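Undergrad: Residue numbers (numbering that gives the first Met the number 0), protein chains in the order written: chain A, 0 to 342; chain B, 0 to 342. Think of the CB as a built atom: it goes at the ideal place given N, C-alpha and C, for glycine as much as any other residue. Only a predicted model underlies this, so the values are computations on that prediction, with no experimental measurement involved.
There are 2 protein chains.
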Amino acid sequence: MKKAVLILAGLAFAACAPTDTGTADTDGASYAQSASDPLPSWNTGPSRDAIIDFVERTTTPGSPDFVPVPERIATFDNDGTLWSEQPAYFQLAFAIDRSKMLAAHNPELAKNPLLAALASGDKEALANVTEHDLVQLVAETHSGMTLEQFQGIVANWLDVARHPRFGVPYPALIYQPMLELLDYLRAHDYKTFIVSGGGVDFMRVFVEDAYGIPPEQVVGSMGETEFEIREGVPVLIKQRAMNFVDDKEGKPVGIARFIGRRPVMAWGNSDGDLAMLQYTMGGDGPRFAGYVHHDDADREWAYDRGSHIGGFDVGWDEAVEKGWTVVSMKDDWEKIYPGDGLP
Amino acid sequence: MKKAVLILAGLAFAACAPTDTGTADTDGASYAQSASDPLPSWNTGPSRDAIIDFVERTTTPGSPDFVPVPERIATFDNDGTLWSEQPAYFQLAFAIDRSKMLAAHNPELAKNPLLAALASGDKEALANVTEHDLVQLVAETHSGMTLEQFQGIVANWLDVARHPRFGVPYPALIYQPMLELLDYLRAHDYKTFIVSGGGVDFMRVFVEDAYGIPPEQVVGSMGETEFEIREGVPVLIKQRAMNFVDDKEGKPVGIARFIGRRPVMAWGNSDGDLAMLQYTMGGDGPRFAGYVHHDDADREWAYDRGSHIGGFDVGWDEAVEKGWTVVSMKDDWEKIYPGDGLP
């Protein structure tokens with residue numbers, strides 16, 4: 000419950016901020032790489048060197064570390080690794096916005112203490128919101144409709160919602176250096192997957208445009224769905240019950256279930272990604288584990304140990320101990336976001 | 000329970016047949032297609048015409064039925080659609096063989112009435128076997144080890160086990176015309192997936208060699224797995240509990256969960272595939288639903304309405320009513336299996 004409340008403190012800010020001040024242009028697709036420099040937004044340094052060295056070693060024929068093409072699997076966490084996750088997970092901002100709209104026609108939802116607290120801006124009321132209230136809100140906004148209806152609602156929200164700090168659509172806040180990394184890997188026949196605690200039906204709406212990753216290469220948390228024939232049309236109805244939570248030890252489980260191969264490379268930004276990175280490094284032959292460290296309060300956010308979002312503690316220690324790559328957003332990234340006018 | 004017993008009647012034959020009489024050569028990979036005829040093992044006729052017409056319509060630029068490459072998803076059932084499933088599902092033959100070996104060191108398993116009945120060949124004992132006994136046998140042979148250990152056992156079994164009727168390794172009994180269809184679709188930028196009631200961890204061992212389908216494009220039934228660090232090595236342990244049964248209404252659910260797009264084309268052979276075919280046809284734009292009809296007792300097997308394996312009844316009626324393609328193995332297929340010396 001304590002953690003839920005802390006996350007809500009972030010949400011209070013996100014949900015109450017002005018929602019239509021966007022000026023910067025979103026262009027997640029414009030990340031074609033230069034032939035001479037595959038990673039132009041990465042500053043020279045050990046992180047960049049480690050990536051290029053690994054990709055060259057594993058893809059150059061005759062190299063002792065050569066990895067056959069079908070085994071070139073790279074997995075990426077999403078929130079905090081491929082796009083920002085502050086001041087609250089973007090999917091939670093969606094759930095809040097959506098539930099405000101639904102509350103007008105749904106008396107039970109209108110009574111949810113979280114909505115009331117957000118409406119009043121009362122910090123004490125917010126502190127009394129329970130995890131149950133939060134789960135109810137997400138379940139309510141993510142179920143009872145067909146998959147296509149849900150994804151239409153998400154697509155619309157992604158068009159109109161604006162991030163409270165930067166005033167741009169949420170998909171504008173993807174990381175330019177990671178887009179270059181994804182492209183660089185694919186140019187070397189790596190298959191790129193998202194493995195995220197976020198909802199798979201939510202992510203699949205934007206990941207293809209944003210990252211060039213098709214829906215079938217997204218592993219995420221998911222609810223139950225039921226097959227029905229509604230007015231002659233076969234559809235899938237999203238249920239309130241959860242089927243799978245793709246976080247922490249769930250991540251390697253999700254990888255085995257959806258991908259069926261141990262990745263060669265994996266990237267995350269928090270302790271929630273540690274099991275995925277451990278599982279990746281546990282295979283034979285060359286393996287790469289990378290962490291994105293949020294240490295840039297000016298251009299993005301700075302948080303790690305003890306953070307209620309993206310806490311980075313035991314994972315950081317293990318990364319240092321084992322010599323994994325820990326990317327400093329401040330030092331290693333020349334630019335954070337793709338759009339002009341953004342840092 | 001009745002159905003379990005009927006399936007077991009088939010198994011009794013499978014499990015008691017000689018197991019090392021193979022002579023024919025397995026060569027699932029040798030199905031490169033001729034440039035002039037993409038489907039050489041398909042006889043001229045309406046099924047072949049329908050396939051070629053559909054692929055040309057959906058992949059020729061400027062065609063009113065053109066489907067963009069990312070949406071070209073084709074899903075295939077496995078048992079009875081891509082390989083044979085008689086006299087019992089091949090994975091069940093594996094479970095029986097495996098449990099016989101395990102029974103020597105596992106007193107509880109040795110007491111399983113199914114093993115006793117198979118050992119004695121007693122038909123009456125076989126009739127008294129319950130579905131619970133069957134489920135216990137499968138759970139026992141598919142859990143309690145790492146994913147890699149399980150897949151090593153399956154790989155070894157696929158090498159040494161021989162099919163009771165044809166005396167060849169089970170992967171030799173894949174359908175040559177379907178291999179050509181898979182190749183033909185991929186040559187036109189269709190992405191081919193398996194969506195099967197079989198176990199995903201079992202199928203992933205052989206589908207890449209057999210069909211050219213990578214593990215990450217296989218949707219199947221699956222048990223729970225748990226992440227563990229065993230002697231310093233991060234592994235996934237297969238559990239007895241099921242997570243997902245990818246059959247009947249489960250198939251569209253599995254498609255939405257793993258692929259996240261409604262297929263453009265789907266193939267099956269039984270009522271267990273009907274929901275997948277309905278879901279496929281329920282999308283907008285051009286769609287193709289195909290059934291393989293087992294009507295060739297001489298070269299393969301003949302079974303449909305009322306069969307305890309691959310029952311084809313309401314699905315057949317709906318296919319006829321809606322004008323879906325129903326392939327006659329007898330009339331439409333010039334050859335059944337790839338190997339020399341096989342029909």
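1) Measure from the alpha carbon of A/Ala318 to the alpha carbon of each residue in A/His292, A/Ala301, A/Pro342, A/Ala296, then state which is nearest.
2) Could you tell me whether any Cβ in chain A is nearer than 7 Å to the Cβ of B/Trp323?
3) For A/Arg304, count neighbouring Cβ atoms within 10 angstroms of its own Cβ and tell me buried if that reaches 16, exposed if not.
4) Using DSSP with H/G/I as helix, E/B as strand and the rest coil, what is B/Gly198?
5) Mind pulling the chain B residues with CB within less than 8 Å of A/Arg286?
6) Here's a check: name, in chain order, each residue in its chain whose Cβ is nearer than 6 Å to the Cβ of A/Glu223, leaving out the five neighbours to either side.
7) With a CB to CB cut of under 7 Å and the five nearest residues on each side skipped, what residues in its chain are close to A/Tyr169?
8) Where DSSP assigns a beta bridge to A/Tyr290, which residues make up the other side?
9) Whole angstroms are fine: how far does the CA of A/Gly282 sit from the CA of A/Val263?
10) Between which residues of its own chain and B/Gly271 is the CB-CB distance below 7 Å, once the five residues before and five after are set aside?
11) Output yes or no for whether 7 Å exceeds the beta carbon distance between B/Leu184 and B/Ala49.
12) Alpha carbon to alpha carbon, how far is A/Asp330 from A/Phe205? Give it in angstroms, no decimals.
13) Between B/Ala124 and the rest of its own chain, which residues show a CB-CB distance below 6 Å, the 5 nearest in sequence each way excluded?
14) So, helix, strand or coil for B/Ala31, using DSSP?
15) Between A/Asp208, A/Gly198, A/Lys190, A/Ile308, which has its C-alpha nearest A/Ala360's C-alpha?
16) Of all Cβ atoms in chain A, is any one closer than 7 Å to the Cβ of B/Thr224?
17) Excluding five sequence neighbours on each side, which residues of the same chain lie with their C-beta closer than 8 Å to the C-beta of A/Glu55?
18) Counting contacts by CB-CB distance shorter than 7 Å, is A/Gln90 in contact with chain B?
19) Can you check whether the CB of A/Met275 is closer than 7 Å to the CB of A/Pro251?
20) Could you tell me which residues DSSP puts in a beta bridge with B/Asp78?
21) Among B/Pro112, B/Trp300, B/Phe53, B/Asp36, which residue has its Cα nearest to the Cα of B/Gly284?
22) Compute the beta-carbon to beta-carbon distance between B/Lys321 and B/Ser40, rounded to the nearest angstrom, for a pair I have assumed lies under 8 Å.
23) Give every residue of the same chain whose Cβ lies closer than 7 Å to the Cβ of B/Ser29, excluding the five residues on either side of it in the sequence, and list them in chain order.
24) Please list the partners that A/Arg260 has in chain B, where partner means a Cβ-to-Cβ separation under 9 Å.
25) Interface residues of chain A around B/Glu248 at Cβ under 7 Å?
26) Nearest to A/Asn268 by alpha carbon, out of A/Val232, A/Gly314, A/Ile258, A/Arg256?
27) Would you please state the rounded distance, in angstroms, between the beta carbons of A/Arg260 and B/Glu225? I believe it to be under 8 Å.
28) Distance cutoff 7 Å, beta carbons only. Does A/Met221 sit that close to anything in chain B?
29) Which stretch, first to last residue, makes up the beta strand (DSSP E) that contains B/Gly338?
30) Would you please verify whether the beta carbon of A/Val68 is less than 7 Å from any beta carbon of chain B?
31) Relative to chain A, which residues along the segment 281-307 of chain B have a C-beta separation below 8 Å, given in chain order?
32) To the nearest angstrom, how far is it from the Cα of B/Asn77 to the Cα of B/Glu299?
33) Using a Cβ-Cβ cutoff of less than 7 Å, which residues in the same chain neighbour B/Ala301 once the five nearest sequence positions on both sides are dropped?
34) Taking 7 Å as the CB-CB cut-off, is A/Tyr30 touching chain B?
35) Check the Cβ of B/Ala251 against every Cβ in chain A and list those closer than 8 Å, keeping chain order.
36) Determine the direct distance from the alpha carbon of B/Leu114 to that of A/Asp188, and round the result to whole angstroms.
TA: On the basis of the data shown:
1) The residue labelled residue 318 of chain A in the question sits at position 319 within the first sequence. Nearest option by C-alpha distance: A/His292.
2) Position 324 of the second sequence, counted from the first residue, corresponds to residue 323 of chain B. Closer than 7 Å: no.
3) Taking the first sequence and counting its residues from 1, the one referred to as residue 304 of chain A is at position 305. Exposed is the call here.
4) Numbered from its first residue, the second sequence carries residue 198 of chain B at position 199. B/Gly198: strand per DSSP, three-state reduction.
5) Here residue 286 of chain A refers to the residue found at position 287 when the first sequence is read from its first residue. Simply none; closest approach about 11 Å.
6) Along the first sequence, read from residue 1 onward, the residue named residue 223 of chain A stands at position 224. Taken in chain order, the residues that qualify are Gln238, Ala240, Asn242.
7) Start at 1 with the first residue of the first sequence, and residue 169 of chain A comes out as number 170. Same-chain partners within the cutoff: Phe89, Leu157, Ala160, His162.
8) Reading the first sequence from its first residue, position 291 is the one you call residue 290 of chain A. The partner list for A/Tyr290 (beta bridge, DSSP) reads A/Gly267, A/Val325.
9) In the first sequence, residue 263 of chain A corresponds to position 264, counting from 1. In the first sequence, residue 282 of chain A corresponds to position 283, counting from 1. Each residue's Cα considered, the two are about 8 Å apart.
10) Indexing the second sequence from 1 puts residue 271 of chain B at position 272. Cβ neighbours of B/Gly271 within its own chain (closer than 7 Å, five residues either side excluded): Gly196, Asp246, Lys247.
11) If you number the second sequence from 1, residue 184 of chain B lands on position 185. If you number the second sequence from 1, residue 49 of chain B lands on position 50. Cβ distance not < 7 Å, so B/Leu184 and B/Ala49 don't count as in contact.
12) Numbered from 1 along the first sequence, position 206 holds the residue referred to as residue 205 of chain A. Numbered from 1 along the first sequence, position 331 holds the residue referred to as residue 330 of chain A. Cα to Cα, the separation comes out at about 29 Å.
13) Against the second sequence, residue 124 of chain B aligns to sequence position 125. Around B/Ala124: Ala116.
14) The sequence position of residue 31 of chain B within the second sequence is 32, counting from 1. Residue confidence for B/Ala31 is low, a pLDDT of 46 falling below 50, so the modelled location carries little weight and cannot support an answer.
15) With chain A running from 0 to 342 in the structure shown, residue 360 of chain A is simply not present.
16) Working through the second sequence from its first residue, we reach residue 224 of chain B at position 225. Yes, contact with chain A.
17) Reading the first sequence from its first residue, position 56 is the one you call residue 55 of chain A. Correct list, in chain order: Ser62.
18) In the first sequence, residue 90 of chain A corresponds to position 91, counting from 1. So, not an interface residue.
19) Locating residue 251 of chain A in the first sequence gives position 252, counting from the first residue. Locating residue 275 of chain A in the first sequence gives position 276, counting from the first residue. Yes.
20) Locating residue 78 of chain B in the second sequence gives position 79, where the first residue counts as 1. Beta-bridge annotation (DSSP): B/Asp78 is paired with B/Trp82.
21) As a first step, residue 284 of chain B is located in the second sequence; it is residue number 285 there, counting from the start. Each of B/Pro112, B/Trp300, B/Phe53, B/Asp36 was checked against the Cα of B/Gly284, and the nearest Cα belongs to B/Phe53.
22) As a first step, residue 321 of chain B is located in the second sequence; it is residue number 322 there, counting from the start. As a first step, residue 40 of chain B is located in the second sequence; it is residue number 41 there, counting from the start. Not quite, the Cβ-Cβ distance comes to about 26 Å (not below 8 Å), so this is no contact.
23) The count along the second sequence starts at 1 and reaches residue 29 of chain B at position 30. In this prediction, B/Ser29 has a pLDDT of 38, which is less than 50 and means its spatial position is unreliable; what the coordinates show is noted afterwards. Cβ within range, chain order: Pro337.
24) Residue mapping note: residue 260 of chain A aligns to position 261 of the first sequence, counting from 1. Simply Arg203, Pro213, Pro214, Glu215.
25) In the second sequence, residue 248 of chain B corresponds to position 249, counting from 1. Residues of chain A passing the Cβ test: Phe226.
26) What you label residue 268 of chain A is simply residue 269 of the first sequence in a count that begins at 1. Of A/Val232, A/Gly314, A/Ile258, A/Arg256, the residue nearest in Cα terms is A/Gly314.
27) Along the first sequence, read from residue 1 onward, the residue named residue 260 of chain A stands at position 261. Along the second sequence, read from residue 1 onward, the residue named residue 225 of chain B stands at position 226. Contact flag wrong, Cβ pair sits at about 19 Å.
28) Here residue 221 of chain A is taken as the residue at index 222 of the first sequence, counted from 1. So, interface residue.
29) Working through the second sequence from its first residue, we reach residue 338 of chain B at position 339. It is not in any beta strand (DSSP E) - B/Gly338 carries neither H nor E in the DSSP assignment.
30) Numbered from its first residue, the first sequence carries residue 68 of chain A at position 69. Taking Cβ atoms only, chain B never reaches closer than 7 Å to A/Val68, which makes this a no.
31) Listed in sequence order: Gly281.
32) The residue labelled residue 77 of chain B in the question sits at position 78 within the second sequence. The residue labelled residue 299 of chain B in the question sits at position 300 within the second sequence. Roughly 16 Å separates the two Cα atoms.
33) Taking the first residue of the second sequence as 1, we reach residue 301 of chain B at position 302. Within the same chain, Cβ atoms closer than 7 Å to the Cβ of B/Ala301 are found at His293, Asp294, Asp295, the five residues on either side in sequence being excluded.
34) Counting from 1 along the first sequence, the entry for residue 30 of chain A is found at position 31. Here the model assigns A/Tyr30 a pLDDT of 41, short of 50, so the residue's position is not dependable and the matter cannot be decided.
35) As a working note, residue 251 of chain B is residue 252 in the second sequence. First, the residue type needs correcting, since residue 251 of chain B is Pro and not Ala in the sequence shown. Taking a Cβ-Cβ cut-off of 8 Å, the neighbours of B/Pro251 in chain A comprise Phe226, Pro233, Leu235, given in sequence order.
36) Here the question's residue 188 of chain A lines up with position 189 in the first sequence. Here the question's residue 114 of chain B lines up with position 115 in the second sequence. Looking at the two C-alpha atoms, the distance is approximately 47 Å.
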